[in-house]
Structures are given as structure tokens and as C-alpha cells.
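Right, one structure below, let's go through it.
In the working numbering, the protein residues as written are 1126 to 1296.
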């Protein structure tokens, strides 16, 4: 199913990543809009509570059915998405390969958790020219489990992930 077809299908028929991408395009990705640039700037500087106090973030929470239990994950997600300026077909891990991010820094990112992971991801996004597949990154950040990290390892080194790793992350 093409990206455009999925977007035309409405939020009820879209994947998590496509829903977030649609939200990102309207609220942050519209770089010609002063309102989108201002929201992105506020989110980049925001703490968790400040990020969650934005109406657009609450709109996203409703779209993805995120409740209070996911508040911290939602705040992290939007703060990192605010770092991206351009949607690209390539996942972030693939864009980081080929010497953009050293193997040691990549390994550190794969081991990191919490605030350290977020700081490393911010730097990685900047190193990738603030461009990557927003839908894939959103899905990966929301899950961030062993299957996600496994897929990132394969993408970083320019290979396709084994079918089992891909299947686990799409179910």
C-alpha cells in the first residue's frame, strides 16, 4: 500500500507510523509555516510537561490512543520528532551508516536508555542532516525493544534485517 493511499484512508486505517507522519507533516514538517517552525522550536527546548502542554501534542495523543501511562514516551517522541526537518524514505539507522556516525557511537546508542538515548538520538538526527523516515522513526521510538535495535543494526550496516526481526516489529 502506498504512503499516499494510506494517508487518504484516514487515521483508522493507517499504521502508527503513518498516523504520526501525517501529524508531523501538518504540525512540525510544514517548514514554510511560522506556526510549525515555532512549535518545533518549543518542542526542541521543552521538558516533558511543557511538551505535553502543547495542544498539537494532545491531538497526537488522541490520534495514537496514548493515555497517561504513555505520557513520558509521548513527550520523548514529539521532542525527537521536532529535530527532524525533512521526511525521507531512508530510515535513520541507514542514513547513519557509511561513516556518518562512527561504529563506536552507534554501539553506544544501541546500549543507551532514557535521557542518554534521547541525547544521542538528537545528535544522530543532526548528523543525518535532520532527515529520515519519520514514520519508521516514530514506530521505532514508540517500541524501542530488542527487535527494533536488531533492525537498526542491520540498517546501519546497509543490510536488510532478517525476516523474523522485521515480522516482530510489524505485528
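Positions of the beta carbon are idealized from the N, C-alpha and C atoms, including for glycine. These numbers were taken from a predicted model, which means no experiment stands behind them.
Residue i versus residue j - alpha carbon distance
{"i": "residue 1271", "j": "residue 1159", "result": "38 Å"}
{"i": "residue 1275", "j": "residue 1286", "result": "8 Å"}
{"i": "residue 1146", "j": "residue 1260", "result": "5 Å"}
{"i": "residue 1191", "j": "residue 1273", "result": "20 Å"}
{"i": "residue 1293", "j": "residue 1279", "result": "The predicted model places residue 1293 with a pLDDT of 47, which falls under 50 and marks its position as unreliable; any figure quoted below should be read in that light. Roughly 15 Å between the two C-alpha positions."}
{"i": "residue 1213", "j": "residue 1254", "result": "11 Å"}
{"i": "residue 1166", "j": "residue 1224", "result": "29 Å"}
{"i": "residue 1265", "j": "residue 1277", "result": "9 Å"}
{"i": "residue 1143", "j": "residue 1182", "result": "16 Å"}
{"i": "residue 1237", "j": "residue 1195", "result": "20 Å"}
{"i": "residue 1185", "j": "residue 1249", "result": "24 Å"}
{"i": "residue 1198", "j": "residue 1267", "result": "7 Å"}
{"i": "residue 1140", "j": "residue 1269", "result": "17 Å"}
{"i": "residue 1211", "j": "residue 1193", "result": "29 Å"}
{"i": "residue 1175", "j": "residue 1231", "result": "29 Å"}
{"i": "residue 1180", "j": "residue 1251", "result": "26 Å"}
{"i": "residue 1228", "j": "residue 1157", "result": "36 Å"}
8 Å Cβ cutoff met for residue i and residue j
{"i": "residue 1169", "j": "residue 1220", "result": "no"}
{"i": "residue 1202", "j": "residue 1263", "result": "yes"}
{"i": "residue 1217", "j": "residue 1233", "result": "no"}
{"i": "residue 1177", "j": "residue 1148", "result": "no"}
{"i": "residue 1282", "j": "residue 1222", "result": "yes"}
{"i": "residue 1173", "j": "residue 1200", "result": "yes"}
Reduced DSSP secondary structure (H/G/I, E/B, other) of residue i
{"i": "residue 1069", "result": "Since the first residue of the chain shown is 1126 and the last is 1296, residue 1069 is not available in this structure."}
{"i": "residue 1190", "result": "coil"}
{"i": "residue 1211", "result": "strand"}
{"i": "residue 1255", "result": "coil"}
{"i": "residue 1199", "result": "helix"}
{"i": "residue 1147", "result": "helix"}
{"i": "residue 1156", "result": "coil"}
{"i": "residue 1182", "result": "helix"}
{"i": "residue 1270", "result": "coil"}
{"i": "residue 1282", "result": "coil"}
{"i": "residue 1241", "result": "helix"}
{"i": "residue 1222", "result": "coil"}
{"i": "residue 1162", "result": "helix"}
{"i": "residue 1139", "result": "coil"}
Discussion item. So, does the segment 1203-1220 touch the segment 1146-1153, judging by three or more C-beta pairs under 8 Å?
Written reply: Yes: the two stretches touch, three or more of their Cβ pairs being nearer than 8 Å.
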